[in-house]
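What follows is the structure, encoded as structure tokens:
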């Protein structure tokens, strides 16, 4: 009995804070835009019953989204930016995680703390700080002009490059930590065994270290990719008005156009698109657990 | 090849060339000297055991042979060639790691083929060799399994097959049976010996288990604090330890301190009013002075009545009896107050044992039963 109560707690949590809101958003996405408050129809009327409500729902909004290239493009550009940022995080994070895992044992807790350290400051403040660095008269341009490396200030702020810098900076720890975790528990004698059997240092890395760190690569990539696709704050603050990532499109629909039905449908489609990588990620985690590694 | 000489003892032949020779090798880590000015020759086809407590330098010696450490001073030669500048992947030496170090992402067959794929060998040859190794360690049915799907004993055999696949001139085994339980360990010791004999590969094993070393090795080097104290066959090490450290490390032993005189036979005086003992000089040259008599418990007889016709007989009192099924060890306090262990094979049933605690008994042994040591 006590055990059931214990299991019920997370389910209840998910039911109230995820499943019910999800159903509400899904229902809105199936409604029609209306000049009303809230701005959609139909709304639940206790006199007519639930069936009357359901019979008025339709997929019109979804059809509209698929007919307008704006949304498709926003979706594709989000995927593209998220993919680029994931690869960049991997390229930057792997050497860092590797160096951390190979550092003397007594240094490792300190290094892990340094990776987590940025979380001690609010995410929003850190993104604002990047504005100060990247804008036309910002720190970076002032410094580069001073060194004489450039004659004209670089226009990074309000471009996709700034968005990528922001995403990479913000999500790098999520790449480093799972990579470090897999690399750190790797037995050093495996590399010695590989060398003993004829590998050079480099080929031992390719044939042993890299495949064994694959779970970490996959975990880190998903942890960066999934939230990066739906990222709103970073493209809003660093990307300017030209940026059309899906999270930002959603925000514009909801707050500027007050079109809740389109905003909800966009959110539903984004979730549907992300379910595939999320399920893949879950399956990988399960396989790891089964392998006992 | 003549098989006429039944005894395998290349170390006793004057013109035999060693496969490996440590030539005054020292290895220090910072201020710690792990291996101290050590010289030893190891011959082809030997099963050589490095035996000693942890921290005695035996693992460092092995890692220098594999190429993971470089000697601080001195040289190691393999077949006459100095090994110093050869990286681990260029040495005709393979190692079986204590943790087995099996690659968890590769199947049993791929683990075994790992080294072969990094050599010049052709694909069909690799497949054939892998098959052969799988057969050698009786794991044919497990070729496709991953290491985590195997038992401890099977993993040990995969590690062995992998390290033997490249037909190394020298196989290093670092505590190879340490992770196995006792029954399996004993069985595997014989398998190891059979494999070593059938392949003719030189094996060098590092162990802290003296029984294991005694069972498998052609010669044992007993090490302490970076030095080899004695190198000899298991029988030699057991019967003629050169000092108290070796005597104590291998098996149980009674060590009796005495002052020796005499030429043909040593007369051992132990102190005022104590009965002198007799011992043959054995391999020591006769000479007066302080020394120690090492006496193995199984060479001491226990009797209720005074024994006749033995050179040494002492009266004492039974303090403790350790019964271990096949053997009984009596702890007897002798005249000097020292406790001497005497061991008997239990040929009779336990209920028929005539000696019990506090009983006065006689201990006796032949003058040739013990061995005299000056260190």
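Chains as they are written, first to last, in the numbering used here: chain A, 189 to 481; chain B, 728 to 1102.
Ideal placement from N, C-alpha and C gives every residue a C-beta, glycine not left out.
Where does residue i sit, in a helix, a strand or coil, going by DSSP?
| i | result |
| --- | --- |
| residue 189 (chain A) | coil |
| residue 786 (chain B) | helix |
| residue 1087 (chain B) | strand |
| residue 472 (chain A) | helix |
| residue 359 (chain A) | helix |
| residue 1004 (chain B) | strand |
| residue 461 (chain A) | helix |
| residue 713 (chain B) | Outside the modelled stretch of chain B, which goes from 728 to 1102, sits residue 713 (chain B), for which no answer is possible. |
| residue 143 (chain A) | One cannot answer for residue 143 (chain A) here, as it falls past the ends of chain A, which runs 189 to 481. |
| residue 914 (chain B) | helix |
| residue 864 (chain B) | coil |
| residue 730 (chain B) | Low local confidence applies: a pLDDT of 45 at residue 730 (chain B) is under 50, so the model's placement there is unreliable, and no value is given. |
| residue 859 (chain B) | helix |
| residue 882 (chain B) | helix |
| residue 456 (chain A) | helix |
| residue 795 (chain B) | coil |
| residue 338 (chain A) | coil |
| residue 218 (chain A) | coil |
| residue 482 (chain A) | Absent from the model: residue 482 (chain A). The displayed extent of chain A is 189 to 481, so no value can be given. |
| residue 750 (chain B) | strand |
Are residue i and residue j close, meaning C-beta to C-beta below 8 Å?
| i | j | result |
| --- | --- | --- |
| residue 462 (chain A) | residue 451 (chain A) | no |
| residue 1021 (chain B) | residue 1004 (chain B) | no |
| residue 1059 (chain B) | residue 1069 (chain B) | yes |
| residue 880 (chain B) | residue 911 (chain B) | yes |
| residue 372 (chain A) | residue 289 (chain A) | yes |
| residue 1053 (chain B) | residue 1029 (chain B) | no |
| residue 930 (chain B) | residue 900 (chain B) | yes |
| residue 805 (chain B) | residue 771 (chain B) | no |
| residue 896 (chain B) | residue 763 (chain B) | no |
| residue 400 (chain A) | residue 851 (chain B) | no |
| residue 282 (chain A) | residue 367 (chain A) | yes |
| residue 322 (chain A) | residue 353 (chain A) | yes |
| residue 980 (chain B) | residue 974 (chain B) | yes |
| residue 253 (chain A) | residue 416 (chain A) | no |
| residue 329 (chain A) | residue 431 (chain A) | no |
| residue 890 (chain B) | residue 821 (chain B) | yes |
| residue 749 (chain B) | residue 946 (chain B) | no |
| residue 955 (chain B) | residue 944 (chain B) | no |
| residue 950 (chain B) | residue 784 (chain B) | yes |
| residue 1056 (chain B) | residue 1024 (chain B) | yes |
| residue 801 (chain B) | residue 752 (chain B) | yes |
| residue 218 (chain A) | residue 256 (chain A) | no |
| residue 434 (chain A) | residue 263 (chain A) | yes |
| residue 1063 (chain B) | residue 997 (chain B) | yes |
| residue 272 (chain A) | residue 361 (chain A) | no |
If residue i and residue j are in contact, beta carbons under 8 Å, what's the gap, nearest whole angstrom?
| i | j | result |
| --- | --- | --- |
| residue 971 (chain B) | residue 958 (chain B) | The Cβ separation is near 17 Å, so there is no contact. |
| residue 789 (chain B) | residue 887 (chain B) | That pair is no contact at about 16 Å. |
| residue 363 (chain A) | residue 418 (chain A) | Contact flag wrong, Cβ pair sits at about 17 Å. |
| residue 793 (chain B) | residue 384 (chain A) | 6 Å |
| residue 1084 (chain B) | residue 1033 (chain B) | Rounded, the Cβ-Cβ distance is 21 Å, inconsistent with contact. |
| residue 873 (chain B) | residue 834 (chain B) | 6 Å |
| residue 754 (chain B) | residue 815 (chain B) | Actually they do not touch by this definition, with Cβ atoms about 16 Å apart. |
| residue 449 (chain A) | residue 216 (chain A) | 6 Å |
| residue 1100 (chain B) | residue 968 (chain B) | 7 Å |
| residue 1098 (chain B) | residue 1009 (chain B) | 6 Å |
| residue 892 (chain B) | residue 860 (chain B) | 5 Å |
| residue 436 (chain A) | residue 447 (chain A) | Between residue 447 (chain A) and residue 436 (chain A) the Cβ distance is about 15 Å, and since that is not below 8 Å, they are no contact. |
Any Cβ of chain E within less than 8 Å of the Cβ of residue i?
| i | result |
| --- | --- |
| residue 378 (chain A) | Judged by its chain identifiers, the structure shown contains no chain E, and its protein chains are A and B. |
Contact residues within the region 877 to 897 of chain B, judged by C-beta distance below 9 Å to chain A: Sequence-ordered contacts of the region 877 to 897 of chain B with chain A read 886, 889, 890, 892 and 893 [C-beta pairs closer than 9 Å].
Selection of the region 821 to 849 of chain B by Cβ proximity to chain A, strictly under 7 Å: Against chain A - using a Cβ distance shorter than 7 Å - the residues of the region 821 to 849 of chain B are 821, 822, 824, 826, 828, 830, 831, 832, 841, 842, 845 and 846.
Chain-ordered residues of the region 790 to 816 of chain B with a beta carbon less than 9 Å from chain A: If the cut-off is 9 Å between Cβ atoms, the region 790 to 816 of chain B has 790, 793, 794, 795, 814, 815 and 816 near chain A.
Secondary structure, beta strand (DSSP E): runs of 3+ residues fully inside the region 232 to 300 of chain A: Considered as a whole, the region 232 to 300 of chain A harbours no complete run of any beta strand (DSSP E) with no fewer than 3 residues.
Members of the region 381 to 393 of chain A that neighbour chain B once the beta carbon cut-off is set at 8 Å: Hits within the stretch, in order: 381, 382, 383, 384, 385, 386, 387, 388 and 391.
Residues of the region 397 to 418 of chain A whose Cβ lies closer than 7 Å to any Cβ of chain B, in chain order: Of all residues in the region 397 to 418 of chain A, 399 and 400 have a Cβ within less than 7 Å of some Cβ in chain B.
Ordered list of alpha helix (DSSP H) runs contained in the region 916 to 998 of chain B, each at least 4 residues: Counting only runs of 4 or more residues that sit fully inside the region 916 to 998 of chain B, the alpha helix (DSSP H) segments are 937 to 943, 961 to 966 and 971 to 976, in chain order.
Secondary structure, beta strand (DSSP E): runs of 3+ residues fully inside the region 798 to 852 of chain B: Listed in chain order, the complete beta strand (DSSP E) runs (minimum 3 residues) inside the region 798 to 852 of chain B are 800 to 805 and 820 to 823.
Where the region 235 to 258 of chain A meets chain B: residues whose CB sits under 8 Å from a CB there: Going along the region 235 to 258 of chain A in chain order, one finds no residue with a Cβ nearer than 8 Å to chain B.
Contiguous beta strand (DSSP E) assignments of at least 3 residues, all confined to the region 1009 to 1055 of chain B: Contiguous beta strand (DSSP E) elements confined to the region 1009 to 1055 of chain B occur at 1016 to 1022, 1028 to 1030 and 1039 to 1050, taking only those with 3 or more residues.
Alpha helix (DSSP H) segments (min. 4 residues) lying fully within the region 377 to 409 of chain A: Counting only runs of 4 or more, we get 389 to 392.
Proximal residues, the region 362 to 378 of chain A versus chain B, C-beta separation under 8 Å: Using a CB distance below 8 Å, the part of the region 362 to 378 of chain A facing chain B consists of 375, 377 and 378, ordered along the chain.
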